[in-house]
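Chemist: The following block contains the structure, expressed as structure tokens.
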């Protein structure tokens, strides 16, 4: 049946973002009916004022283009008439419609009272895994034509095509999903929710069969999951060692690379011909494989053959979730397409990464009073019709609340009694990964550090690849370092007591009153919680009296940090043995009481409302958090026993010496023997690989941090793939002031303005602190030359998140980005996306922190020099990673500028310079010569 609705898809380009100060410079309308564009209208508009420079940069519309165009009042009547009786649609309707109505009012016409839809939230709900929701993002994602982004005629047509895709997508959803979307208390712009209501009405009038790839379980439409057929191994032909064999294997899919092939063969030979030691840390294979070599495939291909021949699994540990996804995809696409035998890869993550269906079903029936949470539920309802993994990382959610996502991941109170038993996503991961259904298990570094024993013991001494291994020690250290805020712990204990004591909504007391034996159970809960409430403040006071009462270090940022001597802390734990045992027993009793409560609740679950079931789930999470703090206390004590020479602990109190706000922190200082004791015993000798592993030719720092035996290691460092002699150059400014000088920030800002406004290339400026970024940002923004130029300044922590800034760099030109920390590594911006990297200050760790002082003391106790065996190697790695952001492809070109004179004036500067890419041209320049030098370089390469 034909639909008479006509959608008017409108896009405006304006001089400013508000109708009070801005005017329209272009209007376009695409008319859509029955999922076809039936007509269109477009015109430039003379705004009667100057078009701002940034608007011309964005839209391409300049003053000359609108000089002969009609004024808005000349086209207003025609436009107003065309839009009457239509459904108004825009990509951000709350901008276009109010702006247009304000203009209609200004010229004496009535405002539009149309039904209005917004394609932004509709896109977010219907494509919840899309990488972005700007119009250009969606047209790229859906392969829609969009010739001239930010010009109204092109944008209106593209939004029209997007609307058609939205209507088709909504109508194609299962009826039960549409019903759930309609039932949600969704708050969407204007009349946007009617899209789902109309799709539901059409589905009810003309019911469609459920697609074969879906199933409905307890009112949720889910993607069907079939357990994969058992993996058949031992079918591989002989390993393709020769060039001809590799080229035959690759066919037209891949290109033969000489250095990549050498690495492949070296790995295969090491694990088939070398005499491998069973002693942890011995006979490891270590390789530095430069960017552009194709190291991922270089280790995956030989290991596919090894896994098949030896009937072993391969654990691949990578630093980030993004890389985890990329490696898994490479296994299941590129590798699978070329190998003559079956290969599978599975990504393995912790339980909190996966949606729990029972918890989500319960959440659907709760109105938390938050529009953003209801929106996330809508996205998940659609996502369930697509996902096979239930991995939250697939979703592109806008500012999800951590507590809410944790609720959605928590297991059911009675998993075996849930209608989703056997269908939960965490169970699927076990089937895919740990049940011998994949040769490759891809995990992140933190997962490897925590679950090495499970990975190894469950799959019979697998192979181990540690990719970007220079990051693994930091992952271990960060994971080991915990904080124990005593007041937060005590508050949670008191909150749990209140829930048990209260006999009115919401509380656990009501549930206990209706269970058999509930009063006795209530007494058990209260007894355990009262024990904790009594002992916790006493433990806090004991810490204060022992370590803080008689002395304080200078306050930093409103608090004091006091390192706890290892021997004194060990004696403190001994002195507090009785109190700690009492607290531990109270936590165990709470767990036993909770188990009994859950069993009784499950037996009488039909007697309780949805609200009461949610109260129980929340109470369970509260008790689990109380137990986690006790486990953290235990881990502090265990670290002291297991790693007394490698751990550090400190107390933090606020500046007014209030002992009720103490916080205990601690963990590993360095990875002394950690991998040898906790990781390597469960695997074959590891393959350690990365683009920037070595800090000197001897590489002692790497071996020490990763517990690798340097006498038996097989190490290879492969030459650079790129032609750095012609693709890049390094400029070091010898007359720059010291970064510690008071005028350095002002100096750097002026240099950056002069450099970037002349070179006109996307630039990344790397810092060591966010505070310095803010200072430089403010100086540059107030600089008159900068204000008159055409470059845009972005700053981490000030103008957006790292991901948003990176997205802009990938899609825009004339950008200068000020970044710290995470911007030094893991950024891949080839070509015009990044041409210039500026190092504001050499990346040495901040001195005089508790961790820094403690690490120096430990190293000195072992007869080592902290600067040369820790501080400098860390800076070398960091600097190599920062410089490595520049050249990403064979046809790339770009420059690096270092404004820290210490690289030239200090004795360690030679070490830093020697670890730069081979053949990279290095210039020593005065600051006045930097701009001419780089202008010449870029003129030659453009």
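Residue numbers (this note's numbering): 1 to 942. From the three backbone atoms N, C-alpha and C, an ideal C-beta is built for every residue, glycine too. Since the model is a prediction, treat every value here as computed from it, not as a measurement.
Cutting at 7 Å between CB atoms, please list the residues of its own chain near residue 221, excluding the five before and the five after it.
Modeler: Closer than 7 Å at Cβ, skipping near neighbours: 174, 176, 177, 214, 384, 385.
Chemist: Output the boundary residues of the beta strand (DSSP E) element that contains residue 42.
Modeler: That run of the beta strand (DSSP E) goes 36-44.
Chemist: Tell me which residues share the same chain as residue 754 and place their Cβ nearer than 8 Å to its Cβ, disregarding the 5 neighbours each side in the sequence.
Modeler: Excluding positions up to five away in sequence, the list reads 785, 931.
Chemist: Mapping DSSP to helix, strand and coil, what is residue 552?
Modeler: Because residue 552 carries a pLDDT of 49, less than 50, the predicted location of this residue cannot be relied on, and the following value inherits that uncertainty. Coil at residue 552, not helix or strand.
Chemist: DSSP puts residue 463 in a beta bridge; with which residues?
Modeler: Beta-bridge pairing links residue 463 to 314.
Chemist: Taking the alpha-carbon positions, what's the residue 557 to residue 351 distance?
Modeler: In this prediction, residue 557 has a pLDDT of 42, which is less than 50 and means its spatial position is unreliable; nothing more can be read from the coordinates.
Chemist: Quick check on residue 271: buried or exposed, where buried means 16 or more other Cβ atoms within 10 Å of its Cβ?
Modeler: Buried, since its Cβ has 16 or more Cβ neighbours within 10 Å.
Chemist: Would you mind reading off the limits of the alpha helix (DSSP H) that contains residue 939?
Modeler: It spans 927-941 - the alpha helix (DSSP H) in which residue 939 sits, taken as one unbroken run.
Chemist: What are the boundary residues of the beta strand (DSSP E) that includes residue 732?
Modeler: Segment 728-733, the beta strand (DSSP E) holding residue 732.
Chemist: Write down every uninterrupted run of the beta strand (DSSP E) in the region 659-745 whose length is 3 residues or greater and which is fully enclosed by it, in chain order.
Modeler: Within the region 659-745, the complete beta strand (DSSP E) runs of at least 3 residues are 663-668, 687-690, 714-717, 728-733.
Chemist: Is it a yes or a no for the region 706-713 touching the region 302-318, going by three-plus beta-carbon pairs under 8 Å?
Modeler: Counting Cβ pairs under 8 Å, fewer than three are found: no touch.
Chemist: Alpha carbons only, please: which of 634, 917, 572 is nearest the one belonging to residue 723?
Modeler: Ranking 634, 917, 572 by Cα distance to residue 723 puts 917 first.
Chemist: To which residues of the same chain is residue 508 closer than 6 Å at the C-beta, ignoring the five residues directly before and after it?
Modeler: Same-chain partners within the cutoff: 499, 500, 619.
Chemist: Just grab the DSSP bridge partners of residue 921 for me.
Modeler: 729, per the DSSP bridge assignment.
Chemist: Thinking C-beta only, is residue 859 closer than 8 Å to residue 869?
Modeler: Cβ distance < 8 Å, so residue 869 and residue 859 count as in contact.
Chemist: Would the region 371-390 count as touching the region 122-138 if we require 3 or more Cβ pairs under 8 Å?
Modeler: The region 371-390 vs the region 122-138: in contact.
Chemist: If we require 4 or more residues per run, which alpha helix (DSSP H) segments fall completely within the region 785-832?
Modeler: Runs of the alpha helix (DSSP H) inside the region 785-832: 802-811.
Chemist: For residue 284, write down the residues that DSSP places opposite it in a beta bridge.
Modeler: The partner list for residue 284 (beta bridge, DSSP) is empty, contrary to what the question assumes.
Chemist: Is the number of C-beta pairs between the region 402-419 and the region 316-329 that are closer than 8 Å three or more?
Modeler: Flag = no, the region 402-419 and the region 316-329 do not touch.
Chemist: Only counting the same chain, and skipping five residues up and downstream in sequence, which positions put a Cβ closer than 7 Å to that of residue 411?
Modeler: Closer than 7 Å at Cβ, skipping near neighbours: 356.
Chemist: Taking the alpha carbon of residue 641 as the point to measure from, which residue in 566, 577, 713, 584 has its own alpha carbon closest?
Modeler: It is 566 whose Cα lies nearest to the Cα of residue 641.
Chemist: Flag this pair as yes or no: are the beta carbons of residue 72 and residue 45 separated by less than 8 Å?
Modeler: A contact, by the Cβ cut-off of 8 Å.
Chemist: Using only alpha-carbon positions, find the residue among 181, 389, 90 that is nearest to residue 227.
Modeler: Considering only alpha carbons, the answer is 389.
Chemist: Using DSSP with H/G/I as helix, E/B as strand and the rest coil, what is residue 846?
Modeler: Of the three classes helix, strand and coil, the one that applies to residue 846 here is coil, per DSSP.
Chemist: Using three-state DSSP, classify residue 423 as helix, strand or coil.
Modeler: DSSP places residue 423 in coil when its eight states are reduced to three.
Chemist: Report the rounded CA-to-CA distance for residue 56 versus residue 12, giving the unit in angstroms.
Modeler: Each residue's alpha carbon lies about 14 Å from the other.
Chemist: Work out the CA separation of residue 874 and residue 807 for me, nearest whole Å.
Modeler: Roughly 29 Å between the two C-alpha positions.
Chemist: Using CA coordinates, which residue listed in 353, 452, 420, 422 is at the minimum distance from residue 403?
Modeler: Here the closest residue by C-alpha is 353.
Chemist: Suppose contacts are defined by Cβ-Cβ distances below 8 Å. Is residue 816 in contact with residue 938 by that definition?
Modeler: Their beta carbons are not under 8 Å apart, which means residue 816 does not touch residue 938 by this criterion.
Chemist: Return helix, strand or coil for residue 257, following the three-state DSSP convention.
Modeler: Here residue 257 sits in coil by DSSP.
Chemist: Of all the options 898, 523, 942, which has the alpha carbon lying nearest to the alpha carbon of residue 922?
Modeler: Comparing Cα-Cα distances from residue 922 to each of 898, 523, 942, the minimum goes to 898.
Chemist: In three-state terms, what does DSSP make of residue 127?
Modeler: In this structure, residue 127 counts as coil in the three-state DSSP scheme.
Chemist: How big is the Cα-Cα spacing for residue 18 and residue 564?
Modeler: Looking at the two C-alpha atoms, the distance is approximately 57 Å.
Chemist: Helix, strand or coil for residue 953 per DSSP?
Modeler: A query on residue 953 cannot be resolved here, the shown segment of the chain reaching from 1 to 942 and no further.
Chemist: If residue 338 and residue 250 are in contact, beta carbons under 8 Å, what's the gap, nearest whole angstrom?
Modeler: Yes, residue 338 and residue 250 are in contact; Cβ-Cβ is about 6 Å, under 8 Å.
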